[in-house]
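For reference, the structure discussed in these notes is given below.
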Amino acid sequence: MDEIKTRLKVSTVVSKTVNLKKRGKEFIGLSPFKTEKTPSFTVNDEKGFYHCFSTSEHGNIFDFLMKTQNLKFGEAVKTLANLAGMRPYTFSRQDEEREKKWQEYVSIYNQYVQFYHDELLKNEKASVARDYLKKRNLSKEVVKKFKIGYVEKNTNFFEKLKKDFNEKVLIESGLFYLDDKKNIYVERFKERIIFPINSISGQPIGLGGRTIRENNYLAKYINSPETQFFKKGSNLYNLDLARKLSNKIDQVYLVEGYMDVVGLSKNGIDNAVANLGTSLTDKQILILNQFFENIIICFDGDESGYKAALRAAENSIKELKPEKKISFLFLPNNEDPDSFVNKNGKDYFIDFTKQNKISIHQFIFDHYRNQTENNPSSMAIFEKTLRSTANTIKDQFIKKYVLEYFLKRISSLTPYINNNKRQFFTKKTKSLKSTQKYFNESKSISLIEIKEFSLLYLILNNLEIFQENIHLIEKIKLFTNENKLVFDAVLSKLKSGEKFMMNELSIDSQLIDKIFKFASIKHILNNLQNN
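For the sequence shown, position 417 (counting from the first letter as 1) is numbered 417 according to the UniProt record's numbering, and the numbering increases by one without interruption.
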């Protein structure tokens, strides 16, 4: 049903029987439910419903067909699926029962979200939550946009909902649970700010909750438990709003937290979504691929954020397609998208993205390269790992070129692999040919660059030594812009006193490859070892 709603605008369906005229964000027309001369019938594509002010008829595209054409629900679905260009689907009685449960489920969530959103805005008891949001620089407009709410400690919306829904249905919604000791139903999100998680068509189906009090007994973040209608691995926070921009913007930021999405949005970056506290799934990538050509994964700039990014890369690379791109953006240490954009602003964040994002295959290569020693055994494991990773890619064309990318970079980094020659020569002959090849390729590079490459090569291969002796290199001046960029990034990391890997330098890995390829001292050392 969500797929049908995504493909078909309400105005598209309604306009086949009602003459609609655009008025602002809505359409107006004469009511199809009664005879009238003055239009009282409105259609809102953004919210996905129609409303008739003269008859109070209200609903979505399925309701419209059922009421105007006297169709059963299954017949309406079949008709709309055909209109949307989808395969026809025959609805069984079980399907109709499921749809009734779905409508009930959404109704519960709509009432719950609206009630606690209003509480946050108006209730004096929610002042602590309002103060917290002010400290996070969230305006009332932002709170309204995301329909953020607050569940106060002693409130009990369960009793109010019980008037319209049975207890079993309310428990199955995940909003409440039974306290066996006290034999009472408890609000799962009490003392938390809540962020509604909407379906792709904009209906609330789950919640994210954040505590605002520092204590040891409450988890900082929680999500709704999985239900019949809410699967964390198949949904993304803010997708319903972000997808509306896909006809204007071809990229989307995938971040870790609700506040990251909200923080980016308040700074003018609305094309952001968040996964729901679990590892990124292939289903989530497939969903994003429906709307965007470029996915930029931007997690927190700490160790846990890096590990989450690696898991995301390994899970999502199999869904790579020739016309789709997946990139990674690593932020400075201890920064998250929310804090980073708040400090630097929208324009800087976008420029930072352009300059520092790296492709998924580059990220995976760099990660495993930094775990690999320069010996045959370690390099063999390295190549085997990359081959296995490439072989998980479903698209055969992109698989071929990702594997070629991996093997080409392996070949340029190590003397142990040579795809063009399989025979062994004497050590002197091998050294001579290697040196000759080096000088042939380096003719177009200036002597200054080659000297700088050698200096950077020594530093990159002896990071621990130079970290303890920064005074030996901190006054060095380089003249080549690219090499200066690498040197400044390395020096900054060394001065921080923290251990780091090359991929944390936030520079193009091709610059590193160039250093390793054309550093003259590397070839001198190799020749000495060979002889």
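Ideal placement from N, C-alpha and C gives every residue a C-beta, glycine not left out. Source: prediction; values computed, not measured.
- [ ] May I ask you to report which of helix, strand or coil DSSP gives Ile285?
- [x] helix
Task: Burial state of Arg188 (16 or more Cβ within 10 Å) - done: buried
- [ ] Would you check if the distance between the CB atom of Phe195 and the CB atom of Tyr258 is smaller than 7 Å?
- [x] For Phe195 and Tyr258, yes; Cβs fall inside 7 Å.
Task: Ala219 classed as buried or exposed, judged by whether at least 16 other C-beta atoms fall within 10 angstroms - done: exposed
TODO: Return the residue from the list Ser127, Pro32, Tyr185 that minimises the CA-CA distance to Leu170.
DONE: Out of Ser127, Pro32, Tyr185, Tyr185 has the C-alpha closest to the C-alpha of Leu170.
TODO: Give the secondary structure of Gln362 by DSSP, where H, G and I count as helix, E and B as strand, and everything else as coil.
DONE: In this structure, Gln362 counts as helix in the three-state DSSP scheme.
Task: Sequence-distant residues of the same chain with beta carbon closer than 6 Å to Asp179, five excluded per side - done: The beta carbon of Asp179 sits closer than 6 Å to the beta carbons of Val186 from its chain, once the five residues preceding and following it are set aside; these are given in chain order.
Open item on the list: Using only CA atoms, which one of Thr278, Tyr150, Lys163, Ser224 lies nearest to Ser173?
Closed with: Ser224
- [ ] Report yes if the C-beta distance between Ile296 and Leu329 is below 7 Å; otherwise report no.
- [x] Yes.
Task: Span separating the alpha-carbon of Pro32 from that of Lys354 - done: 51 Å
Task: Extent of the continuous beta strand (DSSP E) run through Leu170 - done: First-last for Leu170: 167-172, but that is the alpha helix (DSSP H), not the beta strand (DSSP E).
Task: Endpoints, the beta strand (DSSP E) within which Gln251 is located - done: 251-255
Open item on the list: Taking its Cβ as the centre, do 16 or more other Cβ atoms sit within 10 Å of Gln311, making it buried, or is it exposed?
Closed with: Per the sequence shown, the amino acid found at residue 311 is Arg instead of Gln. Burial call: exposed.
- [ ] Ignoring anything shorter than 3 residues or poking outside the segment 107-160, list the beta strand (DSSP E) runs there in chain order.
- [x] With a minimum length of 3 residues, the continuous beta strand (DSSP E) runs that stay inside the segment 107-160 are 149-151.
Open item on the list: I believe Val18 touches Asp45 by the beta-carbon criterion, under 8 Å. Please report the beta-carbon distance rounded to the nearest angstrom.
Closed with: Actually they do not touch by this definition, with Cβ atoms about 14 Å apart.
Open item on the list: Taking only three categories from DSSP, how would you classify Asp270?
Closed with: coil
- [ ] For the alpha helix (DSSP H) containing Gly305, list its first residue and its last residue.
- [x] 303-316
- [ ] Kindly list the residues whose CB is nearer than 7 Å to the CB of Arg422, restricted to its own chain and excluding five residues on each side of it in sequence; keep chain order.
- [x] Only weak support is given to the placement of Arg422: the predicted model assigns it a pLDDT of 39, under 50, and the value that follows is read from those uncertain coordinates. Excluding positions up to five away in sequence, the list is empty.
Task: Gly29 versus Lys22: straight-line alpha-carbon distance, rounded - done: Gly29 and Lys22: Cα-Cα distance of roughly 9 Å.
Open item on the list: So, under 8 Å CB-CB, Thr278 and Gly206 are touching, yes? Tell me the CB distance rounded to an integer number of Å.
Closed with: Thr278 to Gly206, Cβ: 12 Å. No contact.
Open item on the list: Whether or not the segment 151-162 and the segment 70-87 are in contact is what I'm after, with contact meaning three or more pairs of Cβ atoms, one per stretch, closer than 8 Å; do they touch?
Closed with: In the pairwise beta carbon analysis, the segment 70-87 is classified as not touching the segment 151-162: fewer than three pairs are separated by under 8 Å.
- [ ] Mind checking which residues open and close the alpha helix (DSSP H) that includes Ser411?
- [x] 396-413
- [ ] Could you please give me the residues that DSSP links to Pro204 through a beta bridge?
- [x] Asn198
Task: For His58: DSSP bridge partner residues - done: His51
Task: Boundaries of the beta strand (DSSP E) in which Arg23 is found, first to last residue - done: Per DSSP, Arg23 belongs to the beta strand (DSSP E) from 21-23.
Open item on the list: Once DSSP output is grouped into helix, strand and coil, what is the label at Gly345?
Closed with: coil
Open item on the list: Looking only at its chain, what residues have a beta carbon closer than 8 Å to the beta carbon of Ile108, apart from the 5 residues adjacent to it on each side?
Closed with: Leu161, Phe165, Val169, Leu170, Ser173, Leu175
Task: CB contact below 7 Å: Glu256 versus chain C - done: Here chain C cannot be found, since the structure has a single protein chain.
TODO: Could you tell me the boundaries of the alpha helix (DSSP H) in which Thr6 lies?
DONE: 2-7
Task: Segment contact, 8 Å Cβ cut-off, at least three pairs: the segment 313-320 with the segment 337-356 - done: no
TODO: Can you give me the Cβ contacts of Glu191 inside the same chain, cut-off strictly under 8 Å, excluding the 5 residues immediately before and after it?
DONE: Val151, Glu152, Lys153, Thr211, Ile212, Arg213, Leu218
TODO: Please report how far the alpha carbon of Phe349 lies from the alpha carbon of Gly268, in whole angstroms.
DONE: 11 Å
- [ ] Take Gly497 and list the residues in its own chain whose beta-carbon comes closer than 8 Å to its own, dropping the five residues that flank it on each side.
- [x] Gln467
Task: Euclidean distance between Cα positions of Val262 and Asp338 - done: In this structure, the CA atom of Val262 is about 8 Å from the CA atom of Asp338.
- [ ] Check whether the segment 114-133 touches the segment 95-104, taking contact to mean three or more Cβ pairs, one atom from each stretch, closer than 8 Å.
- [x] no
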